[in-house]
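Below is one structure, written out as structure tokens; the observations come after it.
Numbering (my numbering), first residue to last: 61 to 613.
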């Protein structure tokens, strides 16, 4: 039987192992553009669970361990690979529900639930990826569950099946075969499963590597009050209470807290109530909670003096880039959260009406929890989320069911799509009409991107060398060049159609104003007589130029 402590330790070990091997997994990525690499995203996602599980005591049940892991993985999920990983392990939370220990049949069922959820989360599942590796492992678990002996021998068979599936991924995806590698996400999952096997085999928790690798971490800047006068109440009070039998409606607790403070957030499920409030009377907020249940020990109630915090931030505001989104009360019908990186892009989204900007995008995939915090910091009953990157959409979608308000994730895969969606919004329209018009706007705009190759690669029929300049049209690689401006000029011309009316060129942090203006002069000389061309200083990393091409409305 699998005991809670052993399961807990196996997940902690998995988090350490994928962290130790994340660079190895990153290097399997065949996509030549610098991005939020698979190994890094899986590592940061799994580490979120490991940190929470390290706080759990040895008397934990398998159900409790699985619940802690599932919650932490969901909130910490980064990138598509991280979201898929979180769904696979959420299966254990559902499959182990209420169990003190688990046998092989329970494990097989839990894996089946996780794989089913992971496949459903992907619009068009592709075989030869982490999904295939997870499915083959789960199928093997189901085949042998009734006949297996120890957990160790059972999980060893699962690892063998996962490894075999991983080795077949190049036969299923030609791009992997050409590059001579296996699927990065599948490799990450095999590393996680084998780390769990080591613990089941009595080898203990993996040791952290002495090698220091630099993570492409996501951080956000402070979004709290501009000055102390804006802080109406002094104490930020947070706690979680475990509901007692016959617990009163949590609405009554929320209503009371509204009378003694603001920025009230009360979220509940079947077992707990989580509270956040700004108040001058934290004692009253805590005393009232006792009518609904008892405080949990982990995490403990937290009371922080926001005015002192603000004073410290003012003294040292330049030291850190970290942002804390403060929950606010919904006051308007619609609001927006946008993901963007670059001072110019951030200001543009703000000017167009975005309430909260999450600093992120390519190479910086925010977690589900980052997105959730921004949603709760948006003073609207319905919040539209603009991921603006294909690798952030899944993480954003996971925040929908966690939020305390209505959330709609628009499928913006690029910055121009996000800008077009915001421009199409009409505050006087209904939610349904706005959503429809914004999706139409997303579909209308074409996106060009000029960047550099992060690695040697054979990609979409092109032999790419590290450092070459690449031009993408709606995500498809068009050509490689030696010169940045020449690549941008050729790409813009190639994207222009007979109905094109607007071209917006957004230049990045690694392009000078002179270079950008030179490009605009060349484009105007060629296209300016019939097309309106605009230049924007986006300041974005990674992409030298982002080009938006649109027809007349």
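Quick reminder that beta carbons are idealized off the backbone N, C-alpha and C, glycines included.
{"Item": "Run of the beta strand (DSSP E) containing residue 561, from where it starts to where it stops", "Value": "560 to 567"}
{"Item": "Three-state secondary structure assigned by DSSP to residue 503", "Value": "helix"}
{"Item": "C-alpha distance - residue 131 paired with residue 146, whole-angstrom precision", "Value": "9 Å"}
{"Item": "Residue(s) in a DSSP beta bridge with residue 597", "Value": "567"}
{"Item": "Neighbourhood of residue 177 by C-beta, 7 Å cutoff - its chain only, sequence neighbours within 5 removed", "Value": "147, 150, 151"}
{"Item": "Local Cβ density within 10 Å of residue 287, reported as buried at 16 or more and exposed below that", "Value": "Unreliable positioning characterises residue 287 in this predicted model, as indicated by a pLDDT of 44, which lies under 50. The coordinate reading is nonetheless provided below. Counting Cβ neighbours within 10 Å, residue 287 comes out exposed, since fewer than 16 surround it."}
{"Item": "Member of 66, 556, 598, 355 whose CA lies at the smallest distance from the CA of residue 573", "Value": "598"}
{"Item": "Exposure label - residue 279; buried when at least 16 CB within 10 Å", "Value": "Reliability of the predicted coordinates at residue 279 is poor, the pLDDT of 33 falling under 50, and no value is obtained from them."}
{"Item": "Minimum length 4: unbroken alpha helix (DSSP H) runs contained in the segment 128 to 199", "Value": "139 to 155, 164 to 181"}
{"Item": "Residues near residue 364 in its chain [Cβ-Cβ closer than 6 Å; skip 5 each side]", "Value": "296"}
{"Item": "Assumed close pair residue 563, residue 591 - CB separation to whole angstroms, cut-off 8 Å", "Value": "6 Å"}
{"Item": "Beta bridge counterpart(s) of residue 67 as assigned by DSSP", "Value": "In the DSSP output, where bridge partners are listed per residue, residue 67 has none listed."}
{"Item": "Under the three-state DSSP convention, the category residue 435 falls into", "Value": "helix"}
{"Item": "Endpoints, beta strand (DSSP E) assigned at residue 296", "Value": "295 to 303"}
{"Item": "First through last residue of the beta strand (DSSP E) which encompasses residue 467", "Value": "466 to 469"}
{"Item": "Top-ranked residue by Cα proximity to residue 356, from 317, 323, 303, 366", "Value": "303"}
{"Item": "Minimum C-alpha distance to residue 174 - residue among 434, 407, 198", "Value": "198"}
{"Item": "Within 8 Å, strictly: CB atoms of residue 200 and residue 217", "Value": "yes"}
{"Item": "Start and end residues, alpha helix (DSSP H) containing residue 483", "Value": "475 to 484"}
{"Item": "Presumed contact (8 Å Cβ cut-off) between residue 99 and residue 86, rounded CB distance", "Value": "4 Å"}
{"Item": "With 16 other Cβ atoms within 10 Å as the buried cut-off, status of residue 421", "Value": "buried"}
{"Item": "Helix, strand or coil at residue 516 [DSSP, three-state]", "Value": "coil"}
{"Item": "Cα-Cα separation, residue 556 to residue 84", "Value": "40 Å"}
{"Item": "Boundaries (first-last residue) of the beta strand (DSSP E) holding residue 591", "Value": "Here residue 591 belongs to no beta strand (DSSP E), and DSSP marks it neither H nor E."}
{"Item": "Local Cβ density within 10 Å of residue 558, reported as buried at 16 or more and exposed below that", "Value": "exposed"}
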